[in-house]
Amino acid sequence: MGEGPPSLWEWIGRNWDTGRAGSIKDLLLDHLTMSLVPILLALVVALPLGLACVRWRWLYQPASGLMNVVYALPSLPVFMLLISVTGLTQTTVIIPLAFYGVAVLLPAVVGGLDSVPDHVRQSAVAMGFTPRRRLLAVELPIAVPVVLAGLRVVAVSSISLVSVGALIGQGGLGGLFTRAYQNPFMPPVIVGIVLIVLLALIADGLLVLAQRLLTPWVRARKGATS
Amino acid sequence: MITFDAVTKRFPDGTVAVDDLTLEAPTGEITVLVGPSGCGKTTSLRMINRMIDASEGKILLDGVPVQSIAPPTLRRGIGYVIQQAGLFPHRKIVDNIATVPYLLGWDRKRARGRAMELLERVGLDAALAGRYPFQLSGGQQQRVGVARALAADPPVLLMDEPFSAVDPVVRTTLQEELLRLQSELNKTIVFVTHDIDEAIKLGDKVAVLRVGGRLAQLAAPKTLLSEPSDDFVREFLGHDRGIRRLQFVSTEGLRLRTDLTVRQGGEGGSSEEPWLLVVDEQGGPVGWIAGARPGELEPFGTFLYGRDSMRSALDAALLSPSGCSVAVDDEGKVVGVATREALDEALAEAADG
Numbered sequence: 001m002g003e004g005p006p007s008l009w010e011w012i013g014r015n016w017d018t019g020r021a022g023s024i025k026d027l028l029l030d031h032l033t034m035s036l037v038p039i040l041l042a043l044v045v046a047l048p049l050g051l052a053c054v055r056w057r058w059l060y061q062p063a064s065g066l067m068n069v070v071y072a073l074p075s076l077p078v079f080m081l082l083i084s085v086t087g088l089t090q091t092t093v094i095i096p097l098a099f100y101g102v103a104v105l106l107p108a109v110v111g112g113l114d115s116v117p118d119h120v121r122q123s124a125v126a127m128g129f130t131p132r133r134r135l136l137a138v139e140l141p142i143a144v145p146v147v148l149a150g151l152r153v154v155a156v157s158s159i160s161l162v163s164v165g166a167l168i169g170q171g172g173l174g175g176l177f178t179r180a181y182q183n184p185f186m187p188p189v190i191v192g193i194v195l196i197v198l199l200a201l202i203a204d205g206l207l208v209l210a211q212r213l214l215t216p217w218v219r220a221r222k223g224a225t226s
Numbered sequence: 001m002i003t004f005d006a007v008t009k010r011f012p013d014g015t016v017a018v019d020d021l022t023l024e025a026p027t028g029e030i031t032v033l034v035g036p037s038g039c040g041k042t043t044s045l046r047m048i049n050r051m052i053d054a055s056e057g058k059i060l061l062d063g064v065p066v067q068s069i070a071p072p073t074l075r076r077g078i079g080y081v082i083q084q085a086g087l088f089p090h091r092k093i094v095d096n097i098a099t100v101p102y103l104l105g106w107d108r109k110r111a112r113g114r115a116m117e118l119l120e121r122v123g124l125d126a127a128l129a130g131r132y133p134f135q136l137s138g139g140q141q142q143r144v145g146v147a148r149a150l151a152a153d154p155p156v157l158l159m160d161e162p163f164s165a166v167d168p169v170v171r172t173t174l175q176e177e178l179l180r181l182q183s184e185l186n187k188t189i190v191f192v193t194h195d196i197d198e199a200i201k202l203g204d205k206v207a208v209l210r211v212g213g214r215l216a217q218l219a220a221p222k223t224l225l226s227e228p229s230d231d232f233v234r235e236f237l238g239h240d241r242g243i244r245r246l247q248f249v250s251t252e253g254l255r256l257r258t259d260l261t262v263r264q265g266g267e268g269g270s271s272e273e274p275w276l277l278v279v280d281e282q283g284g285p286v287g288w289i290a291g292a293r294p295g296e297l298e299p300f301g302t303f304l305y306g307r308d309s310m311r312s313a314l315d316a317a318l319l320s321p322s323g324c325s326v327a328v329d330d331e332g333k334v335v336g337v338a339t340r341e342a343l344d345e346a347l348a349e350a351a352d353g
């Protein structure tokens, strides 16, 4: 760096793509990976787990209780614990975030399936749907709005939580904050915050868009009651 | 034909919902199961399409035990209509109606074509096809429910209190529509209701069930009203079953007088008569005038001669200070006047018969 502190834009221009690890672009991509992978993992785990909890009700209390305990664990000791297994890698950040995601999505999946009105389920049975087809063609589509609402929470919190990983050197854009801690210089902090908020807004916007495309009947319903 | 042969349903907790039920629902007729809550009428209905399996006894569909048919296959051949219609909120009306054709593997075009046909058949505007269920009124949803049940043209239709969640005016319309549809389609219908009036209006045969799932009486509505088998049935029918029985007595042959009418603005009729009916140019009724002091027009009531029941004729008489009811034809033209004396004779005859 030069003599005087560079302005915000100068700093961005200089650090956007240095070709070395730690450039803003690099951190941004790391951040995306470490937040998107847990979201997908959470969905892949929570869907079948939620279905199982609806099928076997007794499973739901212990499963959601366990997930809540996991959710309550502070991330720092979890990282410490995982480091011994997965080292100072992205995986160490991804695993706890995926668990947090499951903790939020499990009730959403169960709630979504519970939101299927009983008379709708009954009439599907009476018309000769096989259980599998009923699940795929009737129950899951009706559960989509509730599941997507949960997914929005998971997406935003996951994007924001990745930065904690900076404590073990894997925080994506969170890395910009630890640098400022060592050297009180504001531009990296501002860039970090703005980019994280932008990512969260974009992810949320995409999910809202997905919801509109997937469930036009929810909008129709609101239109009918207004 | 649907046959219940000594069918009992005992739930795991020991309650007996249906107890040794034996009855037949004849092909092409409406059989109504009616009774207070807890009489097992819905359980009985659901045992037909195996949503509930019988504990003892057999249910036969045209001689074939339903137990021998896999539930999804069995159900695709039986139409089913429930109280809140049970439409799929995430599917457009046309696709809701086409549900069973899709399940049977029809191609999309054929299934949707059939759905559009049915939409019209149940009296709904084709423009509703692209809407979602929440955009329809309760009555419209119920019609879609009926259309959906008919989509694959099943010979059997099960209806579980299909009209009890809509308001009384819409309910009456839906009941009449069902009778109209049935006169065209001749399905074997089993209809469950707790409303005895609905049972009497719709049923070719009515099965009255008592709490605990025992059959109290199985009879045609008219027989039920005139010869209830015991106190339970008598009480369940209510106090005015005599009046209600009149709805099964035809006005055909009711003696009419044709000399009590007078053209509007014209001469004619005898001023000896206490009441004269004024008719317009087209022969339609306008109102009654008191024979002695012409001037003020008094209200009148009409019934379709030969088509409406004695109950309607009597009702029409009560609507007018003249005490007479006006018989009209399909075009609304006056056929004649049923005087108190004529109604009296017919009532006396009905009481004997």
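Protein chains in written order, with full-length UniProt numbering: chain A, 1 to 226; chain B, 1 to 353.
Each residue gets a CB set at the ideal place from its N, CA and C atoms; glycine is no exception.
Rounded separation between Ala-6 of chain B and Lys-58 of chain B - CA only
Distance from the CA atom of Ala-6 of chain B to the CA atom of Lys-58 of chain B, rounded to whole angstroms, is 7 Å.
Out of A:Val-109, A:Leu-29, A:Ala-21, A:Asp-30, which one is the CA nearest neighbour of Ala-63 of chain A?
A:Val-109
Give the residues of chain A in contact with Gly-86 of chain B, contact being defined as C-beta atoms less than 7 Å apart.
His-119, Val-120, Gln-122, Ser-123
Using CA atoms only, rank isn't needed, just tell me which of B:Ala-165, B:Arg-210, B:Ala-338 is closest to residue 423 of chain B.
In the structure displayed, chain B extends from 1 to 353; residue 423 of chain B sits before or after that span and is not available.
Limits of the beta strand (DSSP E) - the one that Trp-275 of chain B falls within
275-279
Terminal residues of the continuous alpha helix (DSSP H) containing Pro-89 of chain B?
Taken as a continuous stretch (DSSP letters only), Pro-89 of chain B belongs to no alpha helix (DSSP H), as it is neither H nor E.
Report yes if the C-beta distance between Gly-332 of chain B and Gly-301 of chain B is below 8 Å; otherwise report no.
no
Cβ shell of Ala-111 of chain B (< 6 Å), same chain only, five flanking positions each side left out
Only Ala-98, Pro-101, Tyr-102 meet the Cβ criterion.
If the cut-off is 7 Å on Cβ atoms, which residues from the segment 131-151 of chain A count as contacting chain B, listed in chain order?
Of all residues in the segment 131-151 of chain A, the ones placed with a Cβ closer than 7 Å to any Cβ belonging to chain B are Val-138, Pro-141, Ile-142, in chain order.
Going by Cα to Cα distance, which pick from B:Ala-126, B:Arg-143, B:Cys-324, B:Ala-219 is closest to Leu-260 of chain B?
B:Cys-324
Cutting at 7 Å between CB atoms, please list the residues of its own chain near residue 315 of chain A, excluding the five before and the five after it.
With chain A running from 1 to 226 in the structure shown, residue 315 of chain A is simply not present.
Counting C-beta neighbours from all protein chains within 10 Å, is the total for Ser-163 of chain A 16 or more, i.e. buried, or is it exposed?
buried
Taking 8 Å as the cut-off, does the segment 100-117 of chain A touch the segment 126-142 of chain B (at least 3 CB pairs, one atom from each stretch)?
no
Meets three-Cβ-pair contact criterion under 8 Å: the segment 181-194 of chain A and the segment 28-36 of chain B
No, because fewer than three Cβ pairs between the segment 181-194 of chain A and the segment 28-36 of chain B fall closer than 8 Å, the two stretches do not touch.
Nearest to Glu-184 of chain B by CA position, among B:Asp-20, B:Pro-299, B:Arg-121, B:Val-169, is which residue?
B:Arg-121
Between B:Glu-198, B:Asp-160, B:Ala-165, which lies nearest to Gln-175 of chain B when the distance is taken from Cα to Cα?
In this structure, B:Glu-198 is the residue among B:Glu-198, B:Asp-160, B:Ala-165 with its C-alpha nearest to the C-alpha of Gln-175 of chain B.
What residues in its chain sit with their C-beta under 7 Å from that of Lys-201 of chain B, if we drop five residues either side in the sequence?
Gln-175, listed in sequence order.
Is the Cβ of Gly-112 of chain A closer than 8 Å to any Cβ of chain B?
no
Check distances from the C-beta atoms of the segment 57-84 of chain A to those of chain B and list, in chain order, the residues that come in under 9 Å.
none
From B:Ser-226, B:Leu-178, B:Gln-67, B:Lys-92, residue whose alpha carbon lies closest to that of Arg-244 of chain B:
Looking from the CA of Arg-244 of chain B, the closest CA among B:Ser-226, B:Leu-178, B:Gln-67, B:Lys-92 belongs to B:Ser-226.
Does DSSP put Ile-30 of chain B in a helix, a strand or coil?
strand
Near-chain A residues of the segment 22-48 of chain B (beta-carbon distance less than 9 Å), N- to C-terminal order:
Arg-46
Which residue from A:Gly-169, A:Leu-198, A:Gly-111 puts its Cα closest to that of Val-54 of chain A?
A:Gly-111
Give the single residue among B:Asp-315, B:Gly-63, B:Met-116, B:Phe-236 whose Cα lies nearest to the Cα of Thr-339 of chain B.
With distances taken between CA atoms, Thr-339 of chain B lies nearest to B:Asp-315 out of B:Asp-315, B:Gly-63, B:Met-116, B:Phe-236.
Going by the DSSP bridge assignment, what does Gln-140 of chain B pair with across the sheet?
BP columns for Gln-140 of chain B are empty, so no partner.
Taking the alpha-carbon of residue 357 of chain B as reference, which of B:Ala-152, B:Pro-65, B:Ile-82, B:Ala-126 has the nearest alpha-carbon?
Residue 357 of chain B is absent from the structure shown; chain B starts at 1 and stops at 353.
Can you tell me which of the three DSSP states Trp-56 of chain A falls into?
coil
Three-way DSSP call (helix, strand, coil) for Lys-333 of chain B in this model
Three-state DSSP puts Lys-333 of chain B in coil, outside helix and strand.
Measuring CA to CA, which of A:Val-37, A:Met-67, A:Leu-36, A:Leu-32 is closest to Leu-49 of chain A?
A:Met-67
Close beta carbons around Tyr-71 of chain A, own chain, < 8 Å, minus the five adjacent residues each side:
Phe-99, Tyr-100, Ala-103, Val-104
Straight-line Cα distance separating Val-153 of chain A from Met-1 of chain B
56 Å
Answer yes if the segment 80-88 of chain A comes into contact with the segment 13-33 of chain A, meaning at least three C-beta pairs across the two stretches below 8 Å, and no otherwise.
no
What residues match up with Thr-8 of chain B in a beta bridge as DSSP calls it?
DSSP lists B:Glu-56 as partners of Thr-8 of chain B.
For Asp-26 of chain A, does the three-state DSSP call read helix, strand or coil?
helix
Just to make sure I have the definition right: I need the residues of chain B whose C-beta is within less than 7 Å of the C-beta of Ala-126 of chain A. Which are they?
Asn-49, Met-51, Arg-75, Tyr-80
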